[in-house]
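Trainee: Before I ask anything, here is the structure I am working with.
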Amino acid sequence: MSTVLLSILIFGGIGIVVLAILLILIVIGIYNKIVNAKMKVDNQFAQIDVQLKQRFDLIPNLVETVKGYMKHESETLENVIKARNTYLTAATPEDKLEANNQVTQAMNKLFALSEAYPDLKANDNFKDLQASEKEVESKIAYARQFYNDAVMKYNGLVMRVPSNIVAMIFGFKAMRYFEAEAEERQNVKIEF
774 MSTVLLSILI
784 FGGIGIVVLA
794 ILLILIVIGI
804 YNKIVNAKMK
814 VDNQFAQIDV
824 QLKQRFDLIP
834 NLVETVKGYM
844 KHESETLENV
854 IKARNTYLTA
864 ATPEDKLEAN
874 NQVTQAMNKL
884 FALSEAYPDL
894 KANDNFKDLQ
904 ASEKEVESKI
914 AYARQFYNDA
924 VMKYNGLVMR
934 VPSNIVAMIF
944 GFKAMRYFEA
954 EAEERQNVKI
964 EF
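Counted the way my numbering counts, the sequence shown spans residues 774 to 965.
Pasting the structure below:
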């Protein structure tokens with residue numbers, strides 16, 4: 774009977790070790806999956822960041838072009854420059870997203886005011902800068918889509934069982950989507 778008991782203890786011990794190793798491998802696999810998803814989110818944000826940098830590099834030239842025409846609109850120009858500088862000093866992705874929203878609002882106001890200055894609208898340099906701005910905005914929108922897709926996959930891992938347990942243990946948190954500001958969601962008011 775003691776050999777039977779010894780055999781049960783040995784096989785039971787081996788079973789526990791195998792189960793523990795299997796559990797560790799599963800946790801490692803889930804952890805790596807979450808890390809890969811987070812790296813994809815970080816990469817996609819970096820792509821947005823590159824496009825935003827291009828956009829913000831256009832701003833000084835745009836401001837200089839507009840200055841001569843919009844002497845009475847110095848507050849608008851100052852807001853554009855201030856928003857750009859806020860972005861350049863932003864440290865976290867959330868701060869950069871907020872700064873980008875400020876720049877978008879300031880640029881929209883600048884382009885809206887330019888409608889009141891026919892000479893400015895006819896300026897070739899201004900037209901080129903405005904076209905470059907539109908092109909960069911299009912690239913930013915495209916990069917936002919990829920970023921939000923990556924965030925959705927990452928957040929799914931962070932929130933779904935069993936990966937949410939591993940995420941909680943290792944401190945992974947859900948990430949914020951790149952969303953349009955409330956002002957950008959409003960219908961455009963057109964008057965004739």
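Each residue gets a CB set at the ideal place from its N, CA and C atoms; glycine is no exception.
Using 10 angstroms around the beta-carbon of residue 817, count the other beta-carbons present and answer buried if the total reaches 16, otherwise exposed.
Mentor: Numbered from its first residue, the sequence shown carries residue 817 at position 44. It is buried - the Cβ of residue 817 has at least 16 other Cβ atoms within 10 Å.
Trainee: Residue ranges of each alpha helix (DSSP H) run of no fewer than 4 residues wholly in the segment 828-883, ordered along the chain?
Mentor: 847-862
Trainee: DSSP on residue 714, reduced to helix/strand/coil?
Mentor: Past the edges of the chain, shown from 774 to 965, lies residue 714, and the structure says nothing about it.
Trainee: Can you find the residues in the same chain that come closer than 6 Å, C-beta to C-beta, to residue 960, ignoring five residues on each side of it along the sequence?
Mentor: Stepping through the sequence shown from its first residue, residue 960 is reached at position 187. Low local confidence applies: a pLDDT of 46 at residue 960 is under 50, so the model's placement there is unreliable, and no value is given.
Trainee: Whole angstroms is fine: what's the gap from residue 776's alpha carbon to residue 786's?
Mentor: Along the sequence shown, one-based indexing puts residue 776 at 3. Along the sequence shown, one-based indexing puts residue 786 at 13. Cα-Cα distance, rounded: 15 Å.
Trainee: Could you give the C-beta distance for residue 951 and residue 921, rounded to a whole number, given that I count them as a contact under 8 Å?
Mentor: The count along the sequence shown starts at 1 and reaches residue 951 at position 178. The count along the sequence shown starts at 1 and reaches residue 921 at position 148. About 6 Å separates the two Cβ atoms, so the contact holds.
Trainee: Could you check which residue in 947, 906, 804 and 891 has the C-alpha nearest to that of residue 833?
Mentor: Here residue 833 is taken as the residue at index 60 of the sequence shown, counted from 1. Closest option to residue 833, Cα to Cα, is 906.
Trainee: Can you give me the C-alpha to C-alpha distance between residue 875 and residue 932, rounded to a whole angstrom?
Mentor: Here residue 875 corresponds to residue number 102 of the sequence shown, with the count starting at 1. Here residue 932 corresponds to residue number 159 of the sequence shown, with the count starting at 1. Residue 875 and residue 932: Cα-Cα distance of roughly 31 Å.
Trainee: If you scan the segment 887-948 from start to end, which runs of the alpha helix (DSSP H) of 4 or more residues do you find wholly inside it?
Mentor: 891-895, 897-932 and 936-943
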